[in-house]
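K.L.:
Numbering (our numbering), first residue to last: 1363 to 1802. Could you have a look at this structure, given as C-alpha coordinates, before my questions?
Written out as C-alpha coordinates, the structure reads:
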(Lines of atoms letter the chains of each structure in order from A and count residues from 1; the text may use other names and numbers.)
(Lines give C-alpha, C1' and ligand atoms only; values in the text may rest on other atoms or scores of the structure.)
Protein backbone atom coordinates (compact mmCIF):
# COMPACT_ATOMS: atom_id res chain seq x y z
CA UNK A 1 0.00 0.00 0.00
CA UNK A 2 1.20 3.51 -0.82
CA UNK A 3 0.59 4.70 2.77
CA UNK A 4 3.17 2.16 3.96
CA UNK A 5 5.99 3.79 2.00
CA UNK A 6 8.48 5.37 4.42
CA UNK A 7 8.42 9.15 4.24
CA UNK A 8 5.15 9.29 2.30
CA UNK A 9 3.47 11.69 4.77
CA UNK A 10 6.35 14.17 4.55
CA UNK A 11 6.39 13.85 0.76
CA UNK A 12 2.67 14.63 0.60
CA UNK A 13 3.18 17.72 2.74
CA UNK A 14 5.97 18.88 0.42
CA UNK A 15 3.91 18.35 -2.73
CA UNK A 16 0.93 20.12 -1.13
CA UNK A 17 3.11 23.09 -0.14
CA UNK A 18 4.61 23.42 -3.64
CA UNK A 19 1.21 23.35 -5.36
CA UNK A 20 -0.36 25.65 -2.77
CA UNK A 21 2.38 28.26 -2.96
CA UNK A 22 2.53 28.28 -6.75
CA UNK A 23 -1.17 29.07 -7.07
CA UNK A 24 -0.83 31.76 -4.39
CA UNK A 25 1.60 33.48 -6.75
CA UNK A 26 -0.78 33.09 -9.72
CA UNK A 27 -3.59 34.83 -7.86
CA UNK A 28 -1.19 37.37 -6.38
CA UNK A 29 -0.53 38.55 -9.96
CA UNK A 30 -4.25 38.72 -10.75
CA UNK A 31 -5.24 40.68 -7.63
CA UNK A 32 -2.28 43.03 -8.07
CA UNK A 33 -3.49 43.85 -11.59
CA UNK A 34 -7.03 44.31 -10.26
CA UNK A 35 -5.78 46.83 -7.71
CA UNK A 36 -3.51 48.67 -10.14
CA UNK A 37 -6.14 48.89 -12.89
CA UNK A 38 -8.51 50.69 -10.53
CA UNK A 39 -5.84 53.29 -9.82
CA UNK A 40 -5.04 53.66 -13.53
CA UNK A 41 -8.66 54.71 -14.06
CA UNK A 42 -8.84 56.91 -10.95
CA UNK A 43 -5.59 58.76 -11.73
CA UNK A 44 -6.24 58.87 -15.49
CA UNK A 45 -2.82 57.34 -16.14
CA UNK A 46 -3.70 56.11 -19.63
CA UNK A 47 -5.88 57.99 -22.09
CA UNK A 48 -9.09 56.13 -22.84
CA UNK A 49 -8.62 53.64 -19.97
CA UNK A 50 -12.16 54.08 -18.64
CA UNK A 51 -14.35 51.74 -16.55
CA UNK A 52 -15.98 50.61 -19.81
CA UNK A 53 -12.60 49.83 -21.35
CA UNK A 54 -11.54 47.97 -18.19
CA UNK A 55 -14.69 45.90 -18.67
CA UNK A 56 -13.49 44.95 -22.15
CA UNK A 57 -10.00 44.16 -20.79
CA UNK A 58 -11.41 41.90 -18.07
CA UNK A 59 -13.80 40.34 -20.59
CA UNK A 60 -10.88 39.57 -22.92
CA UNK A 61 -8.87 38.01 -20.09
CA UNK A 62 -11.75 35.81 -18.89
CA UNK A 63 -12.93 34.90 -22.38
CA UNK A 64 -9.43 33.78 -23.29
CA UNK A 65 -9.09 31.80 -20.06
CA UNK A 66 -12.52 30.18 -20.45
CA UNK A 67 -11.93 29.10 -24.05
CA UNK A 68 -8.44 27.86 -23.13
CA UNK A 69 -9.90 25.74 -20.32
CA UNK A 70 -12.04 23.95 -22.91
CA UNK A 71 -9.30 23.62 -25.52
CA UNK A 72 -6.39 22.76 -23.23
CA UNK A 73 -8.12 20.96 -20.34
CA UNK A 74 -7.91 17.51 -21.90
CA UNK A 75 -4.20 18.03 -22.53
CA UNK A 76 -3.68 18.08 -18.77
CA UNK A 77 -4.82 14.44 -18.59
CA UNK A 78 -2.65 13.37 -21.52
CA UNK A 79 0.74 14.82 -20.59
CA UNK A 80 2.77 15.15 -17.40
CA UNK A 81 0.70 17.52 -15.19
CA UNK A 82 3.86 19.26 -14.02
CA UNK A 83 4.64 20.19 -17.62
CA UNK A 84 1.03 21.25 -18.14
CA UNK A 85 1.26 23.68 -15.21
CA UNK A 86 4.61 25.27 -16.06
CA UNK A 87 3.87 25.84 -19.76
CA UNK A 88 1.39 28.37 -18.39
CA UNK A 89 3.07 29.85 -15.33
CA UNK A 90 6.47 30.62 -16.89
CA UNK A 91 5.06 32.85 -19.67
CA UNK A 92 2.37 34.23 -17.34
CA UNK A 93 5.01 35.61 -14.98
CA UNK A 94 6.89 37.15 -17.91
CA UNK A 95 3.70 38.72 -19.28
CA UNK A 96 2.96 40.67 -16.11
CA UNK A 97 6.49 42.06 -16.03
CA UNK A 98 6.27 42.97 -19.73
CA UNK A 99 2.91 44.66 -19.13
CA UNK A 100 4.43 46.89 -16.44
CA UNK A 101 7.49 47.68 -18.58
CA UNK A 102 5.35 48.71 -21.55
CA UNK A 103 3.17 50.91 -19.36
CA UNK A 104 6.16 52.59 -17.71
CA UNK A 105 8.50 53.14 -20.66
CA UNK A 106 6.28 53.45 -23.73
CA UNK A 107 3.16 55.25 -24.89
CA UNK A 108 1.61 52.12 -26.36
CA UNK A 109 -2.08 52.31 -27.33
CA UNK A 110 -4.51 50.95 -24.78
CA UNK A 111 -5.52 48.19 -27.23
CA UNK A 112 -2.15 46.53 -26.61
CA UNK A 113 -3.32 45.72 -23.10
CA UNK A 114 -6.20 43.75 -24.57
CA UNK A 115 -3.66 41.57 -26.40
CA UNK A 116 -1.52 41.10 -23.28
CA UNK A 117 -4.51 40.17 -21.12
CA UNK A 118 -5.74 37.78 -23.83
CA UNK A 119 -2.40 35.95 -23.63
CA UNK A 120 -2.49 36.11 -19.82
CA UNK A 121 -5.90 34.44 -19.82
CA UNK A 122 -4.65 31.62 -22.02
CA UNK A 123 -1.57 30.96 -19.88
CA UNK A 124 -3.61 31.16 -16.66
CA UNK A 125 -5.80 28.24 -17.74
CA UNK A 126 -3.28 25.45 -17.16
CA UNK A 127 -2.42 26.02 -13.50
CA UNK A 128 -5.60 25.08 -11.61
CA UNK A 129 -6.55 21.89 -13.55
CA UNK A 130 -2.94 20.70 -13.50
CA UNK A 131 -2.50 21.34 -9.79
CA UNK A 132 -5.77 19.60 -8.91
CA UNK A 133 -4.66 16.61 -10.98
CA UNK A 134 -1.47 16.43 -8.92
CA UNK A 135 -3.37 16.87 -5.65
CA UNK A 136 -5.88 14.18 -6.61
CA UNK A 137 -3.02 11.76 -7.25
CA UNK A 138 -1.16 12.46 -4.00
CA UNK A 139 -3.79 12.98 -1.31
CA UNK A 140 -5.25 10.01 0.64
CA UNK A 141 -8.82 9.16 -0.36
CA UNK A 142 -10.29 9.27 3.14
CA UNK A 143 -9.01 12.82 3.78
CA UNK A 144 -9.15 14.21 0.24
CA UNK A 145 -12.31 16.32 0.64
CA UNK A 146 -11.03 18.22 3.68
CA UNK A 147 -7.53 18.60 2.23
CA UNK A 148 -8.94 20.05 -1.00
CA UNK A 149 -11.03 22.49 1.04
CA UNK A 150 -7.83 23.72 2.66
CA UNK A 151 -6.02 23.69 -0.70
CA UNK A 152 -8.68 25.90 -2.32
CA UNK A 153 -7.86 28.64 0.19
CA UNK A 154 -4.68 29.27 -1.85
CA UNK A 155 -6.95 31.33 -4.14
CA UNK A 156 -7.79 33.65 -1.25
CA UNK A 157 -4.30 33.72 0.23
CA UNK A 158 -3.04 34.70 -3.23
CA UNK A 159 -5.58 37.51 -3.45
CA UNK A 160 -4.62 38.69 0.04
CA UNK A 161 -0.94 38.59 -0.92
CA UNK A 162 -1.67 40.68 -4.02
CA UNK A 163 -3.69 43.31 -2.17
CA UNK A 164 -1.17 43.41 0.70
CA UNK A 165 1.62 43.78 -1.86
CA UNK A 166 -0.26 46.63 -3.54
CA UNK A 167 -1.35 48.31 -0.31
CA UNK A 168 2.15 48.29 1.20
CA UNK A 169 4.02 49.42 -1.92
CA UNK A 170 1.50 52.03 -3.11
CA UNK A 171 -0.42 53.29 -0.08
CA UNK A 172 2.29 52.97 2.61
CA UNK A 173 5.60 53.25 0.72
CA UNK A 174 4.16 55.64 -1.89
CA UNK A 175 5.84 53.80 -4.76
CA UNK A 176 4.70 53.56 -8.36
CA UNK A 177 1.46 51.69 -9.07
CA UNK A 178 3.59 49.39 -11.27
CA UNK A 179 5.91 48.28 -8.43
CA UNK A 180 3.59 45.55 -7.08
CA UNK A 181 3.15 44.19 -10.62
CA UNK A 182 6.93 43.77 -10.97
CA UNK A 183 7.09 42.10 -7.55
CA UNK A 184 4.22 39.66 -8.16
CA UNK A 185 5.49 38.70 -11.62
CA UNK A 186 8.98 38.08 -10.25
CA UNK A 187 7.68 35.97 -7.36
CA UNK A 188 5.60 33.83 -9.72
CA UNK A 189 8.64 33.21 -11.92
CA UNK A 190 10.77 32.23 -8.89
CA UNK A 191 8.07 29.92 -7.51
CA UNK A 192 7.64 28.27 -10.91
CA UNK A 193 11.35 27.41 -10.89
CA UNK A 194 11.02 25.75 -7.46
CA UNK A 195 7.89 23.91 -8.60
CA UNK A 196 9.67 22.76 -11.77
CA UNK A 197 12.59 21.36 -9.79
CA UNK A 198 10.86 19.71 -6.82
CA UNK A 199 7.33 18.68 -7.81
CA UNK A 200 6.53 15.01 -8.42
CA UNK A 201 3.33 14.74 -10.47
CA UNK A 202 2.41 11.24 -9.25
CA UNK A 203 3.25 9.31 -6.07
CA UNK A 204 5.62 6.37 -6.36
CA UNK A 205 4.42 2.84 -7.12
CA UNK A 206 6.33 0.41 -4.94
CA UNK A 207 6.45 -3.33 -5.29
CA UNK A 208 6.28 -5.56 -2.22
CA UNK A 209 10.00 -6.25 -2.11
CA UNK A 210 10.78 -2.53 -2.20
CA UNK A 211 8.34 -1.84 0.64
CA UNK A 212 10.10 -4.37 2.77
CA UNK A 213 13.49 -2.90 1.89
CA UNK A 214 13.26 0.67 3.18
CA UNK A 215 16.83 1.46 2.13
CA UNK A 216 15.80 1.71 -1.52
CA UNK A 217 14.50 4.92 -3.05
CA UNK A 218 10.86 4.98 -4.22
CA UNK A 219 10.39 4.55 -7.97
CA UNK A 220 8.33 7.17 -9.75
CA UNK A 221 5.21 5.80 -11.38
CA UNK A 222 5.06 5.48 -15.16
CA UNK A 223 2.14 6.43 -17.36
CA UNK A 224 0.04 3.53 -18.53
CA UNK A 225 0.13 3.34 -22.30
CA UNK A 226 -3.10 2.88 -24.24
CA UNK A 227 -5.53 3.84 -21.48
CA UNK A 228 -8.62 5.75 -22.65
CA UNK A 229 -8.77 9.49 -22.10
CA UNK A 230 -11.99 11.31 -21.32
CA UNK A 231 -13.26 13.69 -24.00
CA UNK A 232 -14.51 17.00 -22.63
CA UNK A 233 -17.91 16.72 -24.35
CA UNK A 234 -18.44 13.35 -22.64
CA UNK A 235 -17.72 14.95 -19.27
CA UNK A 236 -20.95 16.95 -19.62
CA UNK A 237 -22.88 13.66 -19.44
CA UNK A 238 -21.44 12.61 -16.08
CA UNK A 239 -23.91 12.68 -13.17
CA UNK A 240 -23.92 16.11 -11.55
CA UNK A 241 -21.36 17.76 -13.83
CA UNK A 242 -23.70 19.83 -16.03
CA UNK A 243 -25.82 21.21 -13.20
CA UNK A 244 -22.80 22.05 -11.05
CA UNK A 245 -21.15 23.73 -14.05
CA UNK A 246 -24.23 25.90 -14.64
CA UNK A 247 -24.51 26.86 -10.97
CA UNK A 248 -20.77 27.44 -10.76
CA UNK A 249 -21.13 29.89 -13.65
CA UNK A 250 -23.19 32.14 -11.37
CA UNK A 251 -20.80 31.70 -8.43
CA UNK A 252 -17.74 32.26 -10.63
CA UNK A 253 -19.33 35.39 -12.12
CA UNK A 254 -19.81 36.80 -8.61
CA UNK A 255 -16.23 35.95 -7.69
CA UNK A 256 -14.86 37.55 -10.84
CA UNK A 257 -17.04 40.66 -10.54
CA UNK A 258 -16.08 41.25 -6.92
CA UNK A 259 -12.44 40.23 -7.41
CA UNK A 260 -11.84 42.37 -10.48
CA UNK A 261 -14.18 45.30 -9.80
CA UNK A 262 -14.27 45.83 -6.04
CA UNK A 263 -11.14 48.05 -5.98
CA UNK A 264 -12.47 50.20 -8.84
CA UNK A 265 -15.95 50.25 -7.22
CA UNK A 266 -14.55 51.47 -3.90
CA UNK A 267 -12.34 54.05 -5.64
CA UNK A 268 -15.41 55.24 -7.55
CA UNK A 269 -17.18 55.80 -4.19
CA UNK A 270 -14.02 57.45 -2.76
CA UNK A 271 -13.74 54.80 -0.06
CA UNK A 272 -10.30 54.44 1.55
CA UNK A 273 -8.63 51.29 2.98
CA UNK A 274 -9.38 49.55 -0.30
CA UNK A 275 -6.68 46.90 0.18
CA UNK A 276 -7.87 46.03 3.70
CA UNK A 277 -11.50 45.70 2.59
CA UNK A 278 -10.43 43.32 -0.19
CA UNK A 279 -8.39 41.31 2.29
CA UNK A 280 -11.45 40.85 4.52
CA UNK A 281 -13.35 39.40 1.56
CA UNK A 282 -10.69 36.77 0.96
CA UNK A 283 -10.20 35.99 4.63
CA UNK A 284 -13.87 35.11 4.80
CA UNK A 285 -13.65 32.97 1.67
CA UNK A 286 -10.62 31.07 2.95
CA UNK A 287 -12.31 30.15 6.24
CA UNK A 288 -15.65 29.54 4.55
CA UNK A 289 -14.17 27.16 1.99
CA UNK A 290 -12.67 24.92 4.67
CA UNK A 291 -15.86 24.86 6.74
CA UNK A 292 -18.16 24.25 3.74
CA UNK A 293 -15.94 21.39 2.57
CA UNK A 294 -15.91 19.87 6.07
CA UNK A 295 -19.70 20.04 6.34
CA UNK A 296 -20.06 18.55 2.85
CA UNK A 297 -17.82 15.60 3.73
CA UNK A 298 -19.39 15.18 7.17
CA UNK A 299 -23.03 15.11 6.03
CA UNK A 300 -22.67 14.17 2.32
CA UNK A 301 -25.19 16.89 1.41
CA UNK A 302 -23.09 19.39 -0.52
CA UNK A 303 -25.83 21.16 -2.49
CA UNK A 304 -28.12 21.21 0.57
CA UNK A 305 -25.40 23.12 2.41
CA UNK A 306 -24.33 25.38 -0.48
CA UNK A 307 -27.75 26.79 -1.44
CA UNK A 308 -28.67 28.35 1.95
CA UNK A 309 -25.15 29.81 2.21
CA UNK A 310 -25.47 31.38 -1.24
CA UNK A 311 -28.73 33.01 -0.24
CA UNK A 312 -27.34 34.22 3.09
CA UNK A 313 -24.53 35.81 1.09
CA UNK A 314 -27.17 37.45 -1.10
CA UNK A 315 -28.68 39.22 1.91
CA UNK A 316 -25.26 40.59 2.85
CA UNK A 317 -24.58 41.77 -0.71
CA UNK A 318 -27.87 43.64 -0.79
CA UNK A 319 -26.88 45.29 2.50
CA UNK A 320 -23.48 46.32 1.06
CA UNK A 321 -25.25 48.00 -1.84
CA UNK A 322 -26.79 50.52 0.58
CA UNK A 323 -23.57 51.35 2.47
CA UNK A 324 -22.77 54.07 -0.07
CA UNK A 325 -25.55 56.15 1.49
CA UNK A 326 -23.65 56.40 4.80
CA UNK A 327 -20.62 58.47 5.83
CA UNK A 328 -17.38 56.60 6.61
CA UNK A 329 -18.83 53.09 6.29
CA UNK A 330 -15.41 51.39 6.49
CA UNK A 331 -16.33 49.05 9.31
CA UNK A 332 -19.51 48.05 7.49
CA UNK A 333 -17.62 47.28 4.28
CA UNK A 334 -15.07 45.18 6.17
CA UNK A 335 -17.60 43.17 8.19
CA UNK A 336 -20.05 42.58 5.35
CA UNK A 337 -17.33 41.71 2.85
CA UNK A 338 -15.96 39.14 5.30
CA UNK A 339 -19.46 37.64 5.46
CA UNK A 340 -19.85 37.64 1.67
CA UNK A 341 -16.46 35.96 1.36
CA UNK A 342 -17.43 33.34 3.94
CA UNK A 343 -20.75 32.42 2.32
CA UNK A 344 -20.19 33.05 -1.40
CA UNK A 345 -16.42 32.51 -1.53
CA UNK A 346 -16.70 29.41 0.62
CA UNK A 347 -19.13 27.89 -1.88
CA UNK A 348 -16.87 28.89 -4.77
CA UNK A 349 -13.86 27.13 -3.22
CA UNK A 350 -15.94 24.04 -2.52
CA UNK A 351 -17.13 23.64 -6.12
CA UNK A 352 -13.82 24.67 -7.72
CA UNK A 353 -11.78 22.10 -5.79
CA UNK A 354 -13.49 19.39 -3.72
CA UNK A 355 -16.62 18.88 -5.84
CA UNK A 356 -14.70 19.08 -9.14
CA UNK A 357 -12.32 16.34 -8.00
CA UNK A 358 -15.16 14.21 -6.59
CA UNK A 359 -17.01 14.42 -9.91
CA UNK A 360 -13.83 13.44 -11.77
CA UNK A 361 -13.49 10.38 -9.50
CA UNK A 362 -17.00 9.17 -10.42
CA UNK A 363 -17.31 5.38 -10.75
CA UNK A 364 -18.45 5.89 -14.34
CA UNK A 365 -14.88 6.98 -15.11
CA UNK A 366 -13.12 3.84 -13.89
CA UNK A 367 -12.10 2.93 -17.46
CA UNK A 368 -10.23 6.24 -17.82
CA UNK A 369 -6.74 6.63 -16.40
CA UNK A 370 -7.04 10.32 -15.50
CA UNK A 371 -9.98 12.71 -15.76
CA UNK A 372 -9.37 15.38 -13.11
CA UNK A 373 -7.98 18.02 -15.47
CA UNK A 374 -10.75 17.46 -18.04
CA UNK A 375 -13.67 17.67 -15.58
CA UNK A 376 -12.13 20.60 -13.72
CA UNK A 377 -11.50 22.45 -16.99
CA UNK A 378 -15.11 21.92 -18.08
CA UNK A 379 -16.52 23.35 -14.84
CA UNK A 380 -13.98 26.17 -14.65
CA UNK A 381 -14.22 26.86 -18.39
CA UNK A 382 -17.98 27.35 -18.41
CA UNK A 383 -17.85 29.37 -15.19
CA UNK A 384 -15.12 31.61 -16.57
CA UNK A 385 -16.93 32.21 -19.87
CA UNK A 386 -20.10 33.18 -18.00
CA UNK A 387 -18.00 35.42 -15.77
CA UNK A 388 -16.48 37.00 -18.88
CA UNK A 389 -19.88 37.93 -20.28
CA UNK A 390 -20.73 39.64 -17.00
CA UNK A 391 -17.64 41.87 -17.27
CA UNK A 392 -19.37 43.67 -20.14
CA UNK A 393 -22.48 44.23 -18.01
CA UNK A 394 -20.75 45.47 -14.84
CA UNK A 395 -19.86 49.02 -16.02
CA UNK A 396 -23.55 49.65 -16.64
CA UNK A 397 -24.66 48.43 -13.20
CA UNK A 398 -21.74 49.75 -11.14
CA UNK A 399 -24.07 51.74 -8.89
CA UNK A 400 -25.83 48.47 -7.98
CA UNK A 401 -22.83 46.12 -8.16
CA UNK A 402 -23.63 44.01 -5.11
CA UNK A 403 -27.35 43.94 -5.82
CA UNK A 404 -26.58 42.48 -9.24
CA UNK A 405 -24.27 39.89 -7.64
CA UNK A 406 -27.08 38.99 -5.25
CA UNK A 407 -29.36 38.18 -8.18
CA UNK A 408 -26.70 35.86 -9.61
CA UNK A 409 -26.40 34.07 -6.25
CA UNK A 410 -30.15 33.47 -6.15
CA UNK A 411 -30.10 31.99 -9.66
CA UNK A 412 -27.15 29.74 -8.79
CA UNK A 413 -28.99 28.45 -5.74
CA UNK A 414 -32.14 27.74 -7.76
CA UNK A 415 -30.13 25.66 -10.23
CA UNK A 416 -28.74 23.51 -7.41
CA UNK A 417 -32.20 22.64 -6.10
CA UNK A 418 -32.19 19.80 -8.62
CA UNK A 419 -29.06 18.41 -6.94
CA UNK A 420 -30.63 18.82 -3.48
CA UNK A 421 -33.56 16.63 -4.54
CA UNK A 422 -31.11 14.03 -5.84
CA UNK A 423 -29.10 14.09 -2.60
CA UNK A 424 -32.14 13.31 -0.50
CA UNK A 425 -33.41 10.69 -2.94
CA UNK A 426 -30.08 8.90 -2.60
CA UNK A 427 -30.90 8.40 1.06
CA UNK A 428 -34.46 7.26 0.44
CA UNK A 429 -34.03 5.18 -2.71
CA UNK A 430 -30.34 4.25 -3.11
CA UNK A 431 -30.87 1.17 -5.23
CA UNK A 432 -33.23 2.89 -7.66
CA UNK A 433 -30.88 5.87 -8.05
CA UNK A 434 -27.84 3.67 -8.64
CA UNK A 435 -29.66 1.85 -11.47
CA UNK A 436 -30.53 5.19 -13.11
CA UNK A 437 -26.90 6.36 -12.87
CA UNK A 438 -25.67 3.11 -14.41
CA UNK A 439 -28.09 3.59 -17.33
CA UNK A 440 -26.36 6.93 -18.15
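Just so you know, even glycine gets a beta-carbon here, dropped at the ideal spot from N, CA and C. What you are looking at is a predicted structure, and each value in this text was computed from that prediction instead of being measured.
Is it the case that the Cβ atoms of residue 1398 and residue 1518 are separated by a distance below 8 Å?
P.N.:
No; because the gap between Cβ atoms is not below 8 Å, this pair is not in contact.
K.L.:
Helix, strand or coil for residue 1670 per DSSP?
P.N.:
Looking at residue 1670 - three-state DSSP - the assignment turns out to be helix.
K.L.:
When you compare the segment 1500-1520 with the segment 1653-1660, are there three or more beta-carbon pairs, one atom per stretch, that lie closer than 8 Å?
P.N.:
Segments in contact, yes.
K.L.:
Could you check whether the segment 1486-1497 touches the segment 1434-1447, counting it as contact only if at least three pairs of C-beta atoms, one from each stretch, sit closer than 8 Å?
P.N.:
With a cut-off of 8 Å, the segment 1434-1447 and the segment 1486-1497 count as touching, because enough Cβ pairs lie within range.
K.L.:
So what's residue 1453 in DSSP terms, helix, strand or just coil?
P.N.:
Here residue 1453 sits in helix by DSSP.
K.L.:
For the pair the segment 1634-1647 and the segment 1525-1533, tell me if three or more CB-CB distances fall below 8 Å.
P.N.:
Touching, per the Cβ criterion.
K.L.:
Counting only the same chain and skipping the five closest in sequence on each side, list residues whose C-beta sits under 8 Å from that of residue 1372.
P.N.:
Within the same chain, residue 1372 has no close Cβ partners at all.
K.L.:
Contact check, residue 1740 vs residue 1607 under 8 Å by CB: the rounded distance?
P.N.:
Residue 1740 to residue 1607, Cβ: 6 Å. Contact.
K.L.:
Less than 6 Å between C-beta atoms, sequence neighbours within five positions excluded: which residues of the same chain meet that for residue 1678?
P.N.:
Same-chain partners within the cutoff: 1698, 1701 and 1702.
K.L.:
Expressed to the nearest angstrom, what Euclidean distance is found between the alpha-carbon atoms of residue 1709 and residue 1468?
P.N.:
About 42 Å.
K.L.:
What's the gap between the Cα of residue 1605 and the Cα of residue 1777?
P.N.:
Distance between the alpha carbons of residue 1605 and residue 1777: 7 Å.
K.L.:
Taking C-alpha atoms, which residue in 1748, 1682, 1484 and 1627 lies nearest to residue 1758?
P.N.:
The option with the nearest alpha carbon to residue 1758 is 1627.
K.L.:
Nearest-angstrom Cα distance between residue 1421 and residue 1754?
P.N.:
About 7 Å.
K.L.:
Where are the beta strand (DSSP E) runs, 3 residues long or more, that stay fully inside the segment 1625-1709, in chain order?
P.N.:
Correct list: empty.
K.L.:
Take residue 1744 and list the residues in its own chain whose beta-carbon comes closer than 6 Å to its own, dropping the five residues that flank it on each side.
P.N.:
Counting only Cβ-Cβ distances below 6 Å, and skipping sequence neighbours, we find 1607 and 1611.
K.L.:
If you scan the segment 1440-1516 from start to end, which runs of the alpha helix (DSSP H) of 4 or more residues do you find wholly inside it?
P.N.:
Correct list: 1443-1467, 1473-1486, 1489-1500 and 1506-1513.
K.L.:
Identify the residues that DSSP records as bridge partners of residue 1413: which are they?
P.N.:
Bridge partners of residue 1413: none, in fact.
K.L.:
With DSSP collapsed to three states, give me the class of residue 1542.
P.N.:
If DSSP states are grouped into helix, strand and coil, residue 1542 belongs with the helices.
K.L.:
Please work out which residues of its chain come closer than 6 Å, Cβ to Cβ, to residue 1556, disregarding the five sequence neighbours upstream and downstream, and give them in chain order.
P.N.:
Hits under 6 Å: none found.
K.L.:
Terminal residues of the continuous alpha helix (DSSP H) containing residue 1386?
P.N.:
1370-1404 is the extent of the alpha helix (DSSP H) around residue 1386.
K.L.:
If residue 1423 sits next to residue 1482, beta carbons under 8 Å apart, how far is it from one beta carbon to the other, in whole angstroms?
P.N.:
So it is a contact: roughly 6 Å between Cβ atoms.
K.L.:
Starting from residue 1531, follow the alpha helix (DSSP H) in both directions and report where the run begins and ends.
P.N.:
No alpha helix (DSSP H) contains residue 1531, which DSSP labels as neither H nor E.
K.L.:
Give the DSSP-derived three-state secondary structure of residue 1757 in the structure shown.
P.N.:
Three-state result, residue 1757: helix.
K.L.:
In chain order, what residues of the same chain lie with their CB nearer than 6 Å to the CB of residue 1395, ignoring the 5 residues before and after it?
P.N.:
Counting only Cβ-Cβ distances below 6 Å, and skipping sequence neighbours, we find nothing.
K.L.:
Should the segment 1490-1505 be called in touch with the segment 1711-1721, which here means at least 3 C-beta pairs below 8 Å?
P.N.:
Counting Cβ pairs under 8 Å, three or more are found: they touch.
K.L.:
Taking Cβ to Cβ, would you say residue 1492 is nearer than 8 Å to residue 1446?
P.N.:
Cβ distance < 8 Å, so residue 1492 and residue 1446 count as in contact.
K.L.:
Just checking, does the segment 1368-1388 make contact with the segment 1547-1566 on the three C-beta pairs under 8 Å criterion?
P.N.:
Judged by Cβ distances under 8 Å, the segment 1368-1388 makes contact with the segment 1547-1566, as three or more pairs qualify.
K.L.:
Looking at residue 1497: is its Cβ nearer than 8 Å to the Cβ of residue 1391?
P.N.:
Cβ distance not < 8 Å, so residue 1497 and residue 1391 don't count as in contact.
K.L.:
According to DSSP, is residue 1784 part of a helix, a strand, or is it coil?
P.N.:
In the structure shown, residue 1784 sits in a helix (DSSP, three-state: H, G or I).
K.L.:
Can you list, in chain order, the residues of its chain whose CB lies under 7 Å from that of residue 1426, leaving out five sequence neighbours each side?
P.N.:
1480, 1483 and 1484.
K.L.:
Just to confirm, are residue 1523 and residue 1676 a CB contact at a threshold of 8 Å?
P.N.:
No, the Cβ-Cβ distance between residue 1523 and residue 1676 is not below 8 Å.
K.L.:
Check whether the Cβ atoms of residue 1409 and residue 1629 sit closer than 8 Å, and answer yes or no.
P.N.:
Not a contact, by the Cβ cut-off of 8 Å.
K.L.:
Taking a contact to mean a Cβ-Cβ separation below 8 Å, would you say residue 1746 touches residue 1428 in this structure?
P.N.:
A contact, by the Cβ cut-off of 8 Å.
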